[in-house]
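Worksheet: one structure, shown below.
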């Protein structure tokens, strides 16, 4: 009997967005209420998804700036990333959607990015698929929570605020090139299993890369360049032919037509 395929799944995202709670909820079917560790112990177990058995290895990472130098060490050998933001934290959401790192410095030959998740993942693990996850779904629907926490901002799937450059989840998924977008609640366990099932499926059945269609302007530009090159070549050939004709008629070699 062949061994199950091993899949290394690494969770990343800002601190306090609920990454560790999501992992504990998935692996133990319980929600931690007393003590939540900063980082979840590595976990490995056989999981069946769509009839395929895989050995799923779960790696947790700390999103705080203090771990910027150490965190990328967990990325080696990753098959898929679960990139999490909190549905009640505008800052954690925006830290994913930003395209460029605000600060970047070199540490032992590698760049360290401050709070910019996509640039960090693309730098240390290029080409590895990402599953985008919105956590704390239960709190987004809790009106009393926002009364008690007036600074919290709910991120909804229908929201688009151009003044603060907020993008709804599906648009953010397209923006960063994520393979899937799922919202979940570790407390109620809603969609928690779906998050990790999606991560496994992305590895087992990677989406086909769509060929980029050339824009009309680019196509017209290419045609113009080709026309210009052909024109220059023809002009050069015509000039060469005229020069030969001139030399043949007016500059006769010695001895020609001499009797």
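Residue numbers (the working numbering): 269 to 527.
Using N, Cα and C, we set each Cβ at its ideal position, and we do this for glycine too.
Remember, predicted model here, so these are calculated numbers, not experimental data.
Residue i versus residue j - alpha carbon distance
i	j	result
residue 326	residue 278	6 Å
residue 411	residue 361	20 Å
residue 408	residue 471	30 Å
residue 446	residue 404	20 Å
residue 272	residue 468	13 Å
residue 301	residue 357	20 Å
residue 284	residue 441	21 Å
residue 275	residue 313	10 Å
residue 339	residue 322	25 Å
residue 417	residue 476	43 Å
residue 392	residue 344	8 Å
residue 336	residue 384	11 Å
residue 448	residue 334	29 Å
residue 413	residue 491	60 Å
residue 363	residue 389	13 Å
residue 342	residue 419	33 Å
residue 318	residue 457	20 Å
residue 359	residue 443	17 Å
residue 316	residue 498	60 Å
residue 306	residue 421	24 Å
residue 351	residue 494	45 Å
residue 353	residue 501	57 Å
Spatial neighbours of residue i in its chain, beta-carbon cut-off 8 Å, leaving aside the 5 residues before and after
i	result
residue 450	399, 400, 401, 402, 459, 462, 463 and 466
residue 298	292
residue 304	288, 289 and 292
residue 452	290, 401, 402, 403, 405, 458, 459, 460, 462 and 463
Residue span of the alpha helix (DSSP H) that contains residue i, given as start and end
i	result
residue 400	Unbroken run through residue 400 is the beta strand (DSSP E), 398-403; no alpha helix (DSSP H).
residue 449	Per DSSP, residue 449 belongs to no alpha helix (DSSP H); it is in the beta strand (DSSP E), 448-451.
residue 312	Counting along the chain, residue 312 falls outside any alpha helix (DSSP H), though it belongs to the beta strand (DSSP E) covering 311-317.
residue 294	287-296
residue 331	Counting along the chain, residue 331 falls outside any alpha helix (DSSP H), and DSSP gives it neither H nor E.
residue 413	411-416
residue 419	No alpha helix (DSSP H) holds residue 419; DSSP gives it neither H nor E.
residue 395	Looking at the DSSP string, residue 395 is not in any alpha helix (DSSP H), and its letter there is neither H nor E.
residue 476	Segment: none, residue 476 is in no alpha helix (DSSP H) and carries neither H nor E.
residue 423	Looking at the DSSP string, residue 423 is not in any alpha helix (DSSP H), and its letter there is neither H nor E.
residue 443	437-444
Residues near residue i in its chain [Cβ-Cβ closer than 7 Å; skip 5 each side]
i	result
residue 376	Reliability fails at residue 376, whose pLDDT of 35 lies under 50, so the model's placement of it is uncertain and the value that follows must be treated cautiously. Cβ within range, chain order: n/a, list empty.
residue 320	472
Other residues of its chain near residue i: CB distance less than 6 Å, five sequence neighbours each side excluded
i	result
residue 423	355 and 361
residue 295	311
residue 286	403, 404 and 454
residue 540	Here the chain covers residues 269 to 527 and nothing more, so residue 540 does not appear.
For residue j and residue i, believed in contact at Cβ under 8 Å, the rounded distance
i	j	result
residue 308	residue 328	4 Å
residue 396	residue 346	5 Å
residue 280	residue 331	7 Å
Chain C contact for residue i (CB, 9 Å cutoff)
i	result
residue 321	Given the protein chain composition of this structure (a single chain), no chain C is represented.
Enclosing beta strand (DSSP E) for residue i [first to last residue]
i	result
residue 390	Unbroken run through residue 390 is the alpha helix (DSSP H), 385-392; no beta strand (DSSP E).
residue 321	320-327
residue 467	No beta strand (DSSP E) contains residue 467, which is instead part of the alpha helix (DSSP H) from 460-472.
residue 307	Note, residue 307: premise wrong, no beta strand (DSSP E); not H, not E.
residue 351	348-354
According to DSSP, residues forming a beta bridge with residue i
i	result
residue 275	324
residue 280	351
Residue i Cβ short of 8 Å to the ligand ADP heavy atom set
i	result
residue 452	The ligand ADP is absent from the structure shown, which contains no ligands of any kind.
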